Each structure stands twice: as structure tokens, then as C-alpha cells.
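What follows is a single structure, written as C-alpha cells, with notes after it.
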Amino acid sequence: MKKCALKREFTVVILFVLAAWLFFFFRPLQADAAGGLEMSTDYPGITVQAGEDVDFDLTFTSTAGGLDANLSIESLPDGWSGYFMGSDSQISRAHVEGSGTEASAATFSLSIPEDTQEGSYQVQLQADAGNGASDILELVIDVSAESAGQGSFTSEYPEQQGSTGTSFTFDTTIVNNRGTDQSYSLSAEVPSGWQIGFSPSGESSQVASIAVEAGSSQGLTVSITPPENVEQGEYTIPLTAVSANETLSTELIIEITGTYEVALSTPTGNLSLDAYANSEESFTLLIQNNGNVDLNNLTLSSSAPTDWEVSFAQSSIDTLEAGGSVEVTAYITPSSEAVTGDYVTTITVSNSETSADAQFRVSVKTRTTWGIAAIIIILLLIVGLYYLFKKYGRR
Amino acid sequence: MAVKSERSSAGRAGLKALYHKELADHLSSRRFFIILLLIYITSFASLYGAMSGISEAAQSDSHYLFLKLYTTSSNSIPSFASFIALLGPFIGMTLGFDAINGERMGGTLNRLVAQPIYRDAIIIGKFLAGSTVIAITVFSMGIAVGALGMLGTGLVPQLEEVLRIVIFLMFTCIYISFWLGVSILFSVICRHSATSAMSVIALWIFFSIFMSLIASIIANAVFPISTDVEALFNSYNNYTWELNLNRLSPYYLYSEAVSTILSPTVRSINVVTVSQLEGAVSGYLSLGQSLLLVWPHLTGLAALMLASFAISYVGFMRQEIRSS
């Protein structure tokens, strides 16, 4: 009888060991099905575009009471990166409530490089709470043929026209077609002396970079001021917006139209001169081209009082280049009938595009020779009187 | 030589003595006092008129205001300059109308000639003394008018204004000395001082009043402008003729010259055509330019003065004195 009881106890131990062995060796098989830890996500298979970031919300359940699970990435395609997120920080462990209810505690962020080839990729995540309570989540990611949405940088009116001294304002738009927010740093290549500034639409402050939310657009006002002495012509200004992920560029074209401006003065700026009636007086005129275009066929003309003569050493100037100046000698002869005092003579320089005039105040003077003649006459009279004294006096 | 130089120094001494005697006679004479009083009253009347009219003149042109004291006329009172032009000759005439024939009638000329002096010292001394009295009168009067004007209006003359006034007064002296010369000439020609006084007054009235009438009559006769067509062709010549004829009168010559000197705005003394005015801008002439405009007037009047004296000198020197 005793021998029989021992045999029964041995059998129980064997069975228990067998059960433990079975438990230890077949645990993975049992884990999915039965107790322990389970990590899942709602959509384990997703299609994305290369260059996008994808977030997976992870859900943990546990049938074996509350436990803490280590989170790790089992496998990831080359060049991909991913991390676990929870409550705005990167995490490596997560607590799982044991009540069996679902608890969404973590997010898995996955970055897919832009150069990813089309195809289906697998990512394996593991949650391991130890003591055999672990789970592996397999994510299937199909990278679609279409590349990631390229942003755009456009301008509504990329070509503008204006004269010297005009400030140009372009309304441009940066569109971020990517899945993530982008910060674009802005730059432009302008000729030296030009000024350029970027400011967000509706704001006056100038910015050097601008943040654009994923999938949205941002208006950008580009103001360009050419220098005062800019020459006529067409100027192309390339704009670039560079973010971490992409480089957007556009071109603005500014056409500076010609301004025709000529100025007439004298080298000293003195616009008055003395002259004698019926006698030629010369003075120097200074003609300046203040425009940005060469002036051709400039002619000098005058509007003088009646019978006055005004002539020029050079009555026409073939070409006066932009910014250049030329001196011309003018000869003015007041009429022989001119009255002593001030007269106004207007000299005009003009061509078919522009003209300028200057008013000269000509002071007609009387020659002192007649005054000297008068003195001589009086002296002669006194000499005559003296002769009379000599002849009749001393009697 | 020694004798000659002695004589000449005696002659000079005689001229000097005569000059001083004549000057003293003039300055203490009642006739001169009355004339001076008359001239002073009229010039202060004209100054009063100018001071009441100057604010109006200042509104139109505020430059050279001090000169306007001499040229502004009130409603009924002529300006100082025109008063002097009219009454100035009277001083010269009063001083000279009986210079020679008065002495002759009084019988003092014989005694004078009997003195050891040159005969020409008599007439030269009389002319110089008269001129000196004229200069004293004119300058004292002109400066008094300026000083009172300064006191009454608070205007302070600029340097150019002072120069213009000095030239104006000097020119006035020449003008009045011309009339002195003319009156001495008549006193040499006429035996009676009343005759010479009447003649010189007649000449004065003729030049002051009738000359302009005669000038316009002659100009209208030569270049008639009674119809429109004639006016179109002749008016320029008519005016020029009238102007030139008027300039024969010392009165007109003096008025024209003085108004040019005292008004820097005057740019021409001749007829100005519309074409000459085209492009002209109003401005002021400098003193030199104003003087150059009226140089012929200044020369002409100085020449007239010297000529009138020269003729009377020759006339006196050739006269027989003992016969009287």
C-alpha cells in the first residue's frame, strides 16, 4: 500500500514538472492566445509616401496583471528611423494595466527616408515585460510609387515693370505639401546695391525664415528696391526657400524702364550774368543726364527778349550717356536797344523724350566809357575857362 | 618875374578879400534871409507831405524808403525834389541878378576897379561867393530834411541812400549855380538891376512852364498824332522829339536826372518800347548804373553852368567901366 502512494506522489511531481516544462517551452505559442501581454495598433498595415513621417498609436493589454514592458524595435529597414513617444517625450518602457482593458499609452513615430524605393516593408516592434510576457507587433508599410509631395514656391505676378526709383512688391506663396511642418530659410540673389526683404503676408516685420505647417501654404511678400542709378534693363532675381527636407526656388523678373531726365545749369550754379547792350557775352552751360538712358539728339534753344541773340558753341549734342554731363559755351548778345537793368532769358535743352530749362537773369549795364567821356567834356570846359582867365584876366 | 609873382599873389589876396566880403554881404543881407525862410518853409511842407504819403508808397515798394522822403508827394504838396527844381533857381537869381549892375548903379564898381586887384577877381569872387552860399543853403536844407525825416519816420538811411542823396544835393548845387551864372550874365548885360531881374525871371518861367508846352506843340507839328493812323506811325517819334526838346530846358534836365538818381527803379530815361520791355524783370539799378544813365544830364548842366559864367566873365572883362 505504501509503495503505491509513493508511486502516485511521483506521478504528480512528474506531471507538474511536465506542466512547468510545457509552460516554459510553449509560452510564446500561448501568449497570443491566452494570458500575458499584447501590443497592438488599429491599422498595422499602411501605405505612405517616401519622406513622410507616420505615427502608430500603440495599445497594450495584459491578462496577467499590471506589468511594465520594455519597448524596442526588433527590425527596421535600412535608413529608416523610429521611436516611441508617450506624453510628448521619447519613451523606452510602458506600464500596462492588468485589468484587461485597453490602454493607449504610446505612439510609435516612424520616419521614412525620401529615397526609399517603392515596395512593402516590415517593421517589428517588441514589448517585453519579462517572465515570458512579451509581444511582437508586426507593421507592414507599403511605400507608394509616388514620391512625397514636393512643396512649391510661386508668385502670382513674377514679372513687374517700373521706372528708376520704383519699389517692387511681389506676393509669393510657399506651399508645404509634406507631411511635416517645414521651416524654410529664405534667400535671394540680387545685384549689388539692390535691397530685398521678405515679410509674411499682412505683416510688416521682415523675416529670414518662415515656418509652414504640413499641408498648408504661407503667403510671403517680397519687396525689392533697386538702387537710384539702376540702368534700364531686365533683371532676374532667383529666390530660394530651403528647409531641412527640400529646396524650393522661383524667379522674379524686374524690368526697369528708361527714365529720361536732363538738367540744365551752369558749372557754378550761378544763373545771372552781366552784359552790355549790343555786345556779346559768353557763359558756360552744364547739361547733365540724370536719367538711366543715353539721351540722343539733344538740342539747345533759347527764349530771349526781342532782338536779343543767343547762340551756342554746340547747338546739338548727339549722345549724352546716362549719368554723364557736358559743358557748352553759350553766347548772348543783348539788343542794342536794351534798357539798363535786369532781363530774363530762358535756355532750353530738349530732345524728343525730355527737356529742361533754366532762366538766366541778364543784367544789362551801361558802358562806363560814356561816363569817362562826360568827365573829359567837363575837364575840357574847365580848361576852356582857364584859357579865358588867361586871356582876359590880369588886366 | 618877382614883380609878376608879387602881383599874382596880390591878385589872389584881392580875390580872397572880395570872396569873403561878398560872402559876408550875402549871409547878412535881409534879402537872403527872406529867400532862405521861403525855401525852408516850402521844403518842410514837402517833407510833411512826404511823411504822410510815405506809408502808402511803402506798401507798393518797401526798398529805398529813405529816398522816398525826397521824392514822395502828398495830395497837394509836391515832393522835395520837385520843389527844389522849381524854387531852387530863385536862390541863384536872388544872389546874382544885381551882382554887377547893382555895383555899377551904386557907383562902387569904379572904386572897386581902382583897387590894386585884378579886374576878373571881382566877377570870379562874386560867382564863387554866390556858389558857396548856394552850397551852404542846399546842403543844410537837404540834411535838415533827412534828419527831420529820420526823426519823424524812424527810417535809417543805407550807405547807398546817403551817397545818392549827396549826389542829388551836389547836382542841385550845380543846377542853382547855373541860374546864378545866368543872372550874373544878365547883370553884366543890363544896366539896370530891375531889367536883369525881370529878364532872368522871364527865362526861369519860360523854362519851368512854357518849354514843355512849346516842346509838345513842335513835336505835334512835326509828327502829328491827331488821327489813329498818324498815332500808329508817329507816336514814337513824337514822344522822342518832345523829350529831346524838353531836355533843352535845364529845369527838365535837372528833374529827369534827379528822379533817376533818387529812384533806383528808373531804368531808362528815354522812350521805352514794348519790345524793349519784353523779358525785363523789375529790379534796382546800382548807384553807378543810375549815374551812367544820367551822365549826359550831369555833364550838360555842368557845361551850361560853366558856359553861363564864361560868357558873363568875357562880357564883364570887355566892358568899359569908366564911362559909366
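If you read the protein sequences in the order shown, they are chains A and B. Numbering that gives the first Met the number 0 numbers the first residue of the first sequence as 0 and each following residue consecutively. Numbering that gives the first Met the number 0 numbers the first residue of the second sequence as 0 and each following residue consecutively. Using N, Cα and C, we set each Cβ at its ideal position, and we do this for glycine too. Just so it is clear, the structure is predicted and the values come from calculations on it, not from any experiment.
Pair within 9 Å by beta-carbon distance, residue i and residue j
{"i": "Asn112 (chain B)", "j": "Ile320 (chain B)", "result": "The amino acid at residue 112 (chain B) is misidentified as Asn; the sequence shows Val. Yes, the pair counts as a contact, with Cβ atoms nearer than the cut-off."}
{"i": "Leu294 (chain A)", "j": "Ser264 (chain A)", "result": "no"}
{"i": "Ser301 (chain A)", "j": "Thr224 (chain A)", "result": "no"}
{"i": "Lys125 (chain B)", "j": "Leu242 (chain B)", "result": "no"}
{"i": "Tyr69 (chain B)", "j": "Ala49 (chain B)", "result": "yes"}
{"i": "Ser258 (chain B)", "j": "Pro88 (chain B)", "result": "no"}
{"i": "Leu251 (chain A)", "j": "Ile236 (chain A)", "result": "yes"}
{"i": "Ser86 (chain A)", "j": "Thr58 (chain A)", "result": "no"}
{"i": "Ser274 (chain B)", "j": "Pro304 (chain A)", "result": "yes"}
{"i": "Ile286 (chain A)", "j": "Ala262 (chain A)", "result": "yes"}
{"i": "Ala274 (chain A)", "j": "Ile331 (chain A)", "result": "yes"}
{"i": "Asp54 (chain A)", "j": "Asp41 (chain A)", "result": "no"}
{"i": "Tyr174 (chain B)", "j": "Pro249 (chain B)", "result": "yes"}
{"i": "Leu26 (chain B)", "j": "Val132 (chain B)", "result": "yes"}
{"i": "Gly218 (chain A)", "j": "Ser203 (chain A)", "result": "no"}
{"i": "Glu396 (chain A)", "j": "Ile255 (chain A)", "result": "Any answer about residue 396 (chain A) is impossible in this case: the structure gives chain A only from 0 up to 394."}
{"i": "Gly232 (chain A)", "j": "Leu291 (chain B)", "result": "no"}
{"i": "His296 (chain B)", "j": "Leu244 (chain B)", "result": "no"}
{"i": "Ser254 (chain B)", "j": "Ala56 (chain B)", "result": "no"}
{"i": "Gly35 (chain A)", "j": "Gly131 (chain A)", "result": "yes"}
Interface partners of residue i on chain B, CB under 7 Å
{"i": "Lys364 (chain A)", "result": "Gln288"}
{"i": "Leu384 (chain A)", "result": "Leu305 and Ala309"}
Spatial distance of residue i from residue j (CA atoms)
{"i": "Glu37 (chain A)", "j": "Ser61 (chain A)", "result": "6 Å"}
{"i": "Arg266 (chain B)", "j": "Val363 (chain A)", "result": "10 Å"}
{"i": "Asn69 (chain A)", "j": "Gly196 (chain A)", "result": "52 Å"}
{"i": "Cys189 (chain B)", "j": "Val144 (chain B)", "result": "37 Å"}
{"i": "Ser88 (chain A)", "j": "Leu136 (chain A)", "result": "21 Å"}
{"i": "Ser281 (chain A)", "j": "Leu231 (chain B)", "result": "38 Å"}
{"i": "Ala321 (chain A)", "j": "Val338 (chain A)", "result": "42 Å"}
{"i": "Leu22 (chain B)", "j": "Leu179 (chain B)", "result": "14 Å"}
{"i": "Leu319 (chain A)", "j": "Ser198 (chain A)", "result": "40 Å"}
{"i": "Arg317 (chain B)", "j": "Thr272 (chain B)", "result": "51 Å"}
{"i": "Phe65 (chain B)", "j": "Ser262 (chain B)", "result": "11 Å"}
{"i": "Ile90 (chain A)", "j": "Asp180 (chain A)", "result": "23 Å"}
{"i": "Gln358 (chain A)", "j": "Thr344 (chain A)", "result": "6 Å"}
{"i": "Arg396 (chain A)", "j": "Thr171 (chain A)", "result": "Lying before the first or after the last residue shown, residue 396 (chain A) is absent from chain A, which here runs from 0 to 394."}
{"i": "Leu378 (chain A)", "j": "Phe170 (chain B)", "result": "17 Å"}
{"i": "Phe138 (chain B)", "j": "Leu168 (chain B)", "result": "6 Å"}
{"i": "Leu14 (chain A)", "j": "Arg7 (chain A)", "result": "11 Å"}
{"i": "Asn350 (chain A)", "j": "Val189 (chain A)", "result": "34 Å"}
{"i": "Tyr39 (chain B)", "j": "Thr93 (chain B)", "result": "15 Å"}
{"i": "Arg334 (chain B)", "j": "Thr107 (chain B)", "result": "What is shown of chain B runs 0 to 323, which leaves residue 334 (chain B) out entirely."}
{"i": "Gln48 (chain A)", "j": "Ser119 (chain A)", "result": "12 Å"}
{"i": "Ile381 (chain A)", "j": "Gly129 (chain B)", "result": "19 Å"}
{"i": "Gln205 (chain A)", "j": "Ser222 (chain A)", "result": "10 Å"}
{"i": "Asp31 (chain A)", "j": "Asp134 (chain A)", "result": "Interpretation of Asp31 (chain A) is limited by its pLDDT of 45, a score under 50 that renders its predicted location unreliable; the figure taken from the coordinates is listed afterwards. Taking the straight line from one Cα to the other gives about 8 Å."}
{"i": "Leu384 (chain A)", "j": "Ile310 (chain B)", "result": "10 Å"}
{"i": "Ser221 (chain B)", "j": "Phe205 (chain B)", "result": "Reading the sequence as shown, one finds Val at residue 221 (chain B) and not Ser. For Val221 (chain B) and Phe205 (chain B), the distance between alpha carbons rounds to 22 Å."}
Listed by chain order, chain A residues near residue i by CB distance under 8 Å
{"i": "Pro156 (chain B)", "result": "What Pro156 (chain B) touches in chain A: nothing, since even the nearest Cβ is about 23 Å away."}
{"i": "Val187 (chain B)", "result": "The premise fails here: Val187 (chain B) is roughly 13 Å from chain A at the closest Cβ pair, so nothing lies under 8 Å."}
{"i": "Leu292 (chain B)", "result": "Thr339 and Thr365"}
{"i": "Ser258 (chain B)", "result": "Ordered by position in chain A, no residue passes the 8 Å Cβ test against Ser258 (chain B), which lies about 15 Å from the chain."}
Chain B contact residues for residue i, given Cβ-Cβ distances below 8 Å
{"i": "Phe341 (chain A)", "result": "According to the sequence shown, residue 341 (chain A) is Asp rather than Phe. Neighbours of Asp341 (chain A) on chain B, chain order: Ala279, Val280, Ser281 and Gly282."}
{"i": "Ile381 (chain A)", "result": "Leu305"}
{"i": "Thr344 (chain A)", "result": "Gly278"}
{"i": "Glu336 (chain A)", "result": "Thr272, Ser274 and Gln275"}
{"i": "Gly370 (chain A)", "result": "Leu290, Leu291 and Trp294"}
{"i": "Ala373 (chain A)", "result": "Trp294, Pro295, Leu297 and Thr298"}
Beta-carbon neighbours of residue i, restricted to chain A and to distances below 9 Å
{"i": "Ser267 (chain B)", "result": "Val338, Thr339 and Gly340"}
Neighbour list for residue i in chain B, Cβ cutoff strictly below 9 Å
{"i": "Ala377 (chain A)", "result": "Correcting the residue identity first, residue 377 (chain A) is Ile in this sequence and not Ala. Ordered by position in chain B, the residues that pass the 9 Å Cβ test against Ile377 (chain A) are Leu297, Thr298, Ala301, Ala302 and Leu305."}
Exercise. Taking the runs of the alpha helix (DSSP H) that are 4 residues or longer, which of them lie wholly in the region 20 to 101 of chain B?
Worked result: 29 to 59, 64 to 70 and 79 to 95
Problem set entry | Residues in the region 164 to 175 of chain B having any Cβ partner in chain A nearer than 7 Å | none
Exercise. Just by C-beta distance, which residues in the region 156 to 176 of chain A are closer than 8 Å to chain B?
Worked result: none
Exercise. At a Cβ cut of 7 Å, what residues of the region 179 to 194 of chain A count as close to chain B, listed as they run along the chain?
Worked result: Here the close residues number zero.
Exercise. Along the region 222 to 241 of chain B, what residues have a CB closer than 7 Å to any CB found in chain A?
Worked result: Residues passing the 7 Å Cβ filter: none.
Exercise. Of the residues that make up the region 295 to 319 of chain B, which ones have a beta carbon closer than 8 Å to any beta carbon in chain A?
Worked result: Pro295, Leu297, Thr298, Ala301, Ala302, Leu305, Ala306, Phe308, Ala309, Tyr312, Val313, Met316 and Arg317
Problem set entry | Inside the region 58 to 129 of chain A only - beta strand (DSSP E) runs reaching at least 3 residues | 66 to 74, 80 to 85, 92 to 95, 102 to 110 and 118 to 127
Problem set entry | 4-residue-minimum alpha helix (DSSP H) runs that sit fully inside the region 217 to 288 of chain A, ordered along the chain | none
For this session: Jot down the residue ranges of each uninterrupted alpha helix (DSSP H) in the region 280 to 309 of chain B, minimum 4 residues, whole runs only, in chain order.
Result: 286 to 292
For this session: Taking only runs that begin and end inside the region 150 to 189 of chain B, name each unbroken beta strand (DSSP E) of 3 or more residues, in chain order.
Result: Those beta strand (DSSP E) runs which fall completely within the region 150 to 189 of chain B and span 3+ residues do not exist here.
Problem set entry | Contacting positions in the region 296 to 309 of chain A - beta carbon closer than 9 Å to chain B | Ser302, Ala303, Pro304, Thr305, Asp306 and Trp307
For this session: Report the residue ranges of all beta strand (DSSP E) runs contained in full by the region 325 to 356 of chain A; include only those spanning at least 3 residues, in chain order.
Result: 340 to 349
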